[in-house]
RNA sequence: CGGGGCGUAGCGCAGCCCGGUAGCGCAUCUGCUUUGGGAGCAGAGGGUCGCAGGUUCAAAUCCUGUCGCCCCGACCA
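In the working numbering, the protein residues as written are 199 to 687.
Here is the structure:
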């Protein structure tokens, strides 16, 4: 069997690219830093979207859509926000092309009076709109989500993990009180945590970002951080408490019960197609993609095997009945009865694409009323009775789902260490990578120094951690509890 | 923006040093045999060699320029 995938231990980033290519998730586009998301990748995104969307609706949010283009002047209204995004904005300056000798050229006469920015995020245009939507406390809260594409002009890109254009959802809420907005921020962080762990089977640590890692324009940025197989951390989602920063910048006030005019409190939160990168790097192996059943576009594939026409019709009939029964049981099942590919080829293909379960059926199985079941995660194969399959498969899918989470959890735990001295800290990073808990004195200077010297950043100040006073590993100054460091994507 | 690599058939590559009919594997098409872990044989189709100049009787190959992409680092979801 020809191996088209580089081994993880040999070259992790080449392995990642190989998996994306062989599983046909996406390909590079003619435009630098952009990607074509292929049907396999997009179905995965659709499944993520569907689940997240349900969870957003469940928590009272509604979807809306705001423009791709933002007037340049909007960007300059919130000082921190501009500073954060100014360096990576695509700017539209003209509206027309004209024919020229070498094809087409920009028509200088079509220069825009006010240039437009392709949204890097939508806070500004949304808050400009919210001003019109909000007059009274009765108009609050506003709980809006939008599914959209955004553009950030990145210097260095990587399929799914960092592309210049990416797909995401951005929630933007407006509240009458600080308390309510803070609660919303944490509520959505927990939605992300639940989604990551229960659906992606990707364990995450929740926490708060330090000032330097905070979203531009936020008062507090909460995040979920996941640990990848190669020892690097991935920020998988963020939820921001924006305070009154945007309300003040865009003059969004409301009249409260007490008759007084007040500025609105805000949150925003988002996850992106980056999650697909996280999913790949959490579960996949040297044979290709491994998908958690709850998100897999195809959960079960049935591969029929035959030698002649007679066997073909018997096996296909057997497979068809099974297909209908499983589909009826609510399973995302596919019968791969294509005649132009051999079974062995199909086995490999579905394996590299990460289909959680494979059912192989041949004439022998038809005669004995059996099937061969193969798990993608463990690569185990066993023969089971045809009867009761409709009950067995859903259970098995759930077993796989929790096995994936469990093994990722165990791995993350093994990749999590504690350092008390700076020497120990560097030693851990260089030999193992992973998460490192250690004390930090809370200053930007120390954080900066550690980053420059080790390339590790503070991923977050974890929410679930016991108070355990100690001393900063660099300066020896007191610290109330350890913080989480890692090198990251 | 620095460092490295690459642009030759749909995909992956060789050919370039040493100029002389553009090749290999996979894929595609036809036929036969096959089908329980990426099938075999026979035949067929498919390429402005990234682009622009230059040297030469002759350029994928040498020279100059230029464009693009990928990978590794400095910034970021």
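Cβ coordinates follow ideal geometry from the N, Cα and C atoms, glycine included. Every value quoted in this text rests on a predicted model; they were computed, and no experiment measured them.
Sheet register partners of residue i (DSSP bridge)
i, result
"residue 435", "422"
"residue 584", "Looking at the DSSP assignment, residue 584 forms no beta bridge with any residue, so it has no partner."
"residue 616", "635"
"residue 683", "634 and 656"
"residue 226", "233"
"residue 481", "DSSP, once it has assigned bridges, lists no residue as partnering residue 481."
"residue 524", "Paired residue(s): none; residue 524 is not in a bridge."
"residue 571", "557 and 580"
"residue 467", "369 and 437"
"residue 453", "334 and 459"
"residue 345", "367"
"residue 627", "According to DSSP, residue 627 bridges with nothing at all."
"residue 303", "296"
Closest residue to residue i among the options (Cα-Cα distance)
i, options, result
"residue 332", "429, 618, 313 and 453", "453"
"residue 350", "357, 361 and 340", "361"
"residue 230", "512, 353, 530 and 373", "353"
"residue 219", "343, 356 and 373", "356"
"residue 427", "675, 287, 345 and 209", "209"
"residue 599", "627, 677, 489 and 436", "489"
"residue 592", "214, 524 and 395", "524"
"residue 569", "578, 558 and 518", "558"
"residue 492", "395, 259 and 342", "395"
"residue 456", "334, 285, 284 and 513", "334"
"residue 327", "546, 620 and 265", "265"
"residue 463", "378, 403 and 276", "378"
"residue 286", "372, 686, 273 and 292", "273"
"residue 548", "538, 561 and 534", "534"
"residue 594", "255, 668, 578 and 345", "578"
"residue 389", "469, 507, 323 and 585", "469"
"residue 643", "306, 409 and 563", "409"
"residue 212", "571, 510, 486 and 262", "486"
Boundaries (first-last residue) of the alpha helix (DSSP H) holding residue i
i, result
"residue 238", "237–256"
"residue 217", "210–220"
"residue 548", "541–550"
"residue 388", "376–392"
"residue 285", "First-last for residue 285: undefined, no H or E at that position."
"residue 443", "443–447"
Span separating the alpha-carbon of residue i from that of residue j
i, j, result
"residue 240", "residue 495", "9 Å"
"residue 330", "residue 279", "21 Å"
"residue 588", "residue 236", "31 Å"
"residue 325", "residue 479", "36 Å"
"residue 383", "residue 448", "21 Å"
"residue 467", "residue 318", "14 Å"
"residue 516", "residue 552", "24 Å"
"residue 343", "residue 250", "11 Å"
"residue 206", "residue 483", "8 Å"
"residue 550", "residue 665", "45 Å"
"residue 222", "residue 477", "15 Å"
"residue 528", "residue 253", "20 Å"
"residue 674", "residue 653", "21 Å"
"residue 399", "residue 204", "24 Å"
"residue 575", "residue 374", "48 Å"
"residue 518", "residue 560", "13 Å"
"residue 246", "residue 611", "25 Å"
"residue 418", "residue 320", "18 Å"
"residue 276", "residue 224", "36 Å"
Own chain partners of residue i with C-beta closer than 7 Å, once the 5 adjacent residues on each side are dropped
i, result
"residue 227", "233 and 234"
"residue 617", "623, 626, 634, 636 and 671"
"residue 303", "295 and 296"
"residue 429", "613, 630, 631 and 632"
Beta-carbon contacts of residue i that lie in its chain and below 8 Å, excluding the five residues immediately before and after
i, result
"residue 530", "494, 495, 496, 497 and 498"
"residue 290", "267, 310, 313, 314, 315 and 316"
"residue 243", "235, 365, 471 and 474"
"residue 536", "544"
"residue 538", "none"
Same chain only: Cβ atoms within 6 Å of residue i, ignoring 5 sequence neighbours per side
i, result
"residue 461", "442, 445, 446 and 451"
"residue 657", "423, 431, 682 and 684"
"residue 437", "383, 386, 387, 420 and 467"
"residue 679", "663, 665 and 666"
"residue 269", "312"
"residue 661", "404 and 405"
"residue 292", "304, 308 and 309"
First through last residue of the beta strand (DSSP E) which encompasses residue i
i, result
"residue 499", "498–502"
"residue 267", "267–269"
"residue 313", "309–316"
"residue 533", "531–533"
"residue 506", "Per DSSP, residue 506 belongs to no beta strand (DSSP E) and is neither H nor E."
"residue 405", "403–406"
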